[in-house]
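Residue numbers (our numbering), protein chains in the order written: chain A, 1 to 435; chain B, 436 to 692.
Even glycine gets a Cβ: it sits at the ideal position worked out from N, Cα and C.
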C-alpha cells in the first residue's frame, strides 16, 4: 500500500510502499525482490527528518519483528529489531534492570537505536547504544541473514549507519542493574551560559545522567541561563514502571502556536518554576521521557512541522557554542526545547554522531523566516570547529557538509559499497546527502 | 531531494537559454541547488552562466552544470533527455519547462505554416515534455514540474491569438497534469506572468502590470517553496483576469492589444 511517510518533525512527506515483515526470512525475501527505488527499514518513526523515508520505493515497517529474551546471569538482552525500548523497560524495570542507553523518548525500536546509534543523558559515562552492543543480525543486499560482531567492519558501518547497510533484524546488548525505578535528581538553576557550562562539567563525575535545558530567548547577561538536572538510579524503592499519557495533542493544531510570545512565556515560567537548587525524587518516565507523557506532541507545531537541529562541537570549541547560542538569542529564534549535554567517548560507529564535546539540540518551527540561512551558517561553524550534525534529527543538511563533518564517511562508503554494490538500501536522507 | 525547508538540490531546465528559466535556476543555485542540467537547442560554446544572483551558502562548492541537446520539435528524443538528466544528477527535484517562441500575429497571418510550427513548440512540445516529466517525477514520488504559462492564455486576445491559444492549451494541459499527479508526491506549478520585459519581448511596448524575468523567478521560487499549484506574476493579474474573463466579447475584441 502506498503511504505518505514523514519523520517526527512532519516535514517533507514522501510516498512509499509499506510492508510489514514478521521475521528475518520475510525480510530476506523482500530484499531479494527489491524494486528499482530500493528499500529501507523503518521503526517507530521517531527520527525527526527524512531518515526513515524512501520516496517512490519500498519501506519495511519493522515493528512486526517482535520477541526478545533476557539472561539475568549476564544481563544480556537479545531483542528483535521491532521491539521498543518502552516494551523492554516495562518488563525489565520490575526485574531490576534498565536499558544501557535511553534517548529522550522510549518509543524507539531496537533496530532504530542501532541504526541511529542513539545516545542519552548518560553519554558522558556510558557512551551511545552501539557501545553496549555485543552482536547484531543483519539482512544484507544479497538476501543473506548475517550475524555481526564488533570484529567485522560491517558491524561498525551498521551502528549509526542509518539503515543503509541492510535491515537490522535482531540485536544483543548489555543492560544495567537498578535497585529501584526511582531516580534521585539534583535540580539546579543557572544564571547564564558560562555558569551552565561550568555546572555541567562539574556534574560529569558525580552523576550518571545529566542534561541542561537552556532558555534560548533570554538575552544579555542572562543569555544561556538554564536548568540543569542530574540524576542517578535510587538505591532503594519500588520497582514499577507504568508510565501514563497525561495529555493528547489535538489531531490538527493550527500553525503558529509556538511563537516568540508563547515560547518566551513558557521559558520564563519553566525557569522560574525550577528551584535554585534542590534534590527531588522522580520516576523513570518523568526524568528520561517527559515529552512521552504528551501523545503526539509533534502535532503542536502545526501543519508545517518543525526542524530539529542537534550539533556537537569538541571540547575546546566552546567559542563556537557561545557564538551559536548568542546568534540564536539575538535573532530571537524560537526553539521550544533547547537541550545542552556533554558527550563522553564516542562509539565505533563510522557514521555515529557523538564525540567528546558539547551537544546542543534545538527544535524550531519550520516556517520560521530565514531559518535555512541561519542553520547553514551554523553548519559551517560547526564543521570548522571539527563538529557535526546528528543525522537522525537532520532534515536539511547539504551533501557537501557530510564529508567535512563525518571523517569516517569514506571508509563507511567502501564497506557499504562492498555489502550493497547496487545500492538497494536507500532513503530520502541518503539521496539528499549523497550517501 | 527537497529538504525540510524547501531547498532543492537538482534542477533540469528545458530551454536552457530561457531568460526566465535561467533566472529561476540562478535563484535556486543561490538557495543551495548544486546539480543543474541545461537542456537546449544546439548546445555549442560555453553554457549560459548560472552564477547565483543571491549569496551562496557559506562554504558551498560551485554547482555542477551539465548541458544536454534538446530539440522541442523532436518529441521522439524527449524521453532520452529526461533519462540522461536522471543519469547525470539523480532524482530531479525541479523540472522547468521554459522553452517557447513568440511571433507577431501579423507574421503568423502571413505564414500559417510558421504559426503551426510555433504552436507546436509552445504547446505540443510541452505536452510531450510534460508527460515525460510526469513519468519521471511519479516514479520518484517527489519533484515539481514548473510550467511557464502566460496571461495570454487566460483569455485569448485577438491581438495575439495564435500565441495565446497555444498558451491556453498549455495552461489547460498543466492543470490537468497537476490533477493527474495529485497524490503521487509529484506536483505541477503553473506560472502565469503578464508581459515580461526581456529578450523575447524586445521592441514591444510593455503592457500594464508587466514584470522582469527576475520578478517572475522570485515569485516562482517562493511558490515552489510553499508548494503552490499556480502563481500569477504580479499577483494582481489573478483577480484582474478573473474579471476580464467576464467581459462581454463585444468589449473584449476591442482590446487594443
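Query: Out of A/16, A/285, A/291, which one is the CA nearest neighbour of residue 618 of chain B?; Result: A/16
Query: Where DSSP assigns a beta bridge to residue 190 of chain A, which residues make up the other side?; Result: A/226
Query: Check the Cβ of residue 437 of chain B against every Cβ in chain A and list those closer than 7 Å, keeping chain order.; Result: 12
Query: When the Cα of residue 539 of chain B is compared with those of B/502, B/559, B/595, B/468, which residue comes out closest?; Result: B/595
Query: Below 6 Å CB to CB, which residues in the same chain sit around residue 276 of chain A once its five sequence neighbours on both sides are set aside?; Result: 189
Query: Please go through the region 57-87 of chain A and give each complete beta strand (DSSP E) segment of 3 or more residues, from N-terminal end onward.; Result: 58-61, 68-71, 76-80
Query: Does the count of Cβ pairs from the region 159-177 of chain A and the region 127-140 of chain A closer than 8 Å reach three?; Result: yes
Query: Should residue 486 of chain B be labelled buried (16 or more other beta-carbon atoms within 10 Å of its own) or exposed?; Result: exposed
Query: Runs of 3 residues minimum, wholly inside the region 497-581 of chain B: which ones carry the beta strand (DSSP E) assignment?; Result: 499-504, 529-532
Query: Please confirm if residue 496 of chain B has its CB atom under 8 Å from at least one CB of chain A.; Result: yes
Query: Taking the beta strand (DSSP E) that residue 604 of chain B belongs to, which residues open and close that run?; Result: Run containing residue 604 of chain B: none in the beta strand (DSSP E); it sits in the alpha helix (DSSP H), 596-616.
Query: Residues of chain A with a CB under 8 Å from the CB of residue 575 of chain B: which are they?; Result: 37, 55, 56
Query: Which chain A residues are close to residue 652 of chain B, counting only those with a beta carbon under 8 Å from its beta carbon?; Result: The premise fails here: residue 652 of chain B is roughly 18 Å from chain A at the closest Cβ pair, so nothing lies under 8 Å.
Query: Check whether the Cβ of residue 621 of chain B sits closer than 7 Å to any heavy atom of the ligand GDP, and report yes or no.; Result: Ligands in the displayed structure: none, and consequently the ligand GDP is not present.
Query: Residues in the region 12-27 of chain A with C-beta within 8 Å of chain B's C-beta atoms, listed in sequence order?; Result: 12, 13, 14, 15, 16
Query: Skipping 5 residues on each side, what residues in its chain have a beta carbon closer than 6 Å to that of residue 120 of chain A?; Result: 101, 102, 103
Query: For residue 204 of chain A, list the residues DSSP reports as bridge partners.; Result: The partner list for residue 204 of chain A (beta bridge, DSSP) is empty, contrary to what the question assumes.
Query: Quick one: what's residue 341 of chain A bridged to in DSSP?; Result: A/359
Query: Between the Cα of residue 297 of chain A and those of A/227, A/49, A/105, spot the shortest distance and give me the residue it belongs to.; Result: A/105
Query: At what residues does the alpha helix (DSSP H) containing residue 271 of chain A begin and finish?; Result: 260-273
Query: Could you list which residues in chain B have their beta carbon closer than 7 Å to that of residue 428 of chain A, in chain order?; Result: 436
Query: For residue 129 of chain A, which three-state DSSP category applies?; Result: helix
Query: Which residues in the same chain have their Cβ closer than 6 Å to the Cβ of residue 320 of chain A, if we skip the five residues on either side of it in sequence?; Result: 313, 381, 385
Query: Establish whether the CB of residue 600 of chain B and some CB of chain A are separated by less than 8 Å.; Result: no
Query: Since residue 449 of chain B and residue 569 of chain B should fall inside the 8 Å C-beta cutoff, what is the C-beta to C-beta distance between them, to a whole number of angstroms?; Result: That pair is no contact at about 13 Å.
Query: Rounded to a whole number of angstroms, what is the C-alpha to C-alpha distance between residue 604 of chain B and residue 623 of chain B?; Result: 15 Å
Query: At the level of alpha carbons, what is the spacing between residue 340 of chain A and residue 218 of chain A?; Result: 15 Å
Query: Hey, quick one: how far does the beta strand (DSSP E) through residue 4 of chain A stretch, first residue to last?; Result: 2-5
Query: Could you pull out every residue in the same chain whose Cβ sits closer than 6 Å to the Cβ of residue 561 of chain B, ignoring the five residues on either side in sequence?; Result: 532, 605
Query: Could you compute how far the alpha carbon of residue 377 of chain A sits from the alpha carbon of residue 308 of chain A?; Result: 15 Å
Query: Could you tell me whether the Cβ of residue 391 of chain B comes closer than 8 Å to any Cβ of chain A?; Result: In this structure chain B extends from 436 to 692, so residue 391 of chain B is not present and cannot be described.
Query: Using 8 Å for Cβ pairs, my map puts residue 344 of chain A next to residue 287 of chain A. What's the rounded Cβ distance?; Result: Contact doesn't hold; Cβ gap of about 19 Å is too wide.
Query: Might you give, ordered along the chain, the residues of its own chain that have their beta carbon closer than 8 Å to the beta carbon of residue 508 of chain B, omitting 5 neighbours on each side?; Result: 552, 555, 556, 560
Query: Please determine, among A/192, A/187, A/302, the residue with the shortest C-alpha to C-alpha distance to residue 282 of chain A.; Result: A/187
Query: Which chain B residues are close to residue 307 of chain A, counting only those with a beta carbon under 8 Å from its beta carbon?; Result: 439, 440
Query: With a threshold of 8 Å between beta-carbons, can residue 385 of chain A be considered close to chain B, or not?; Result: no
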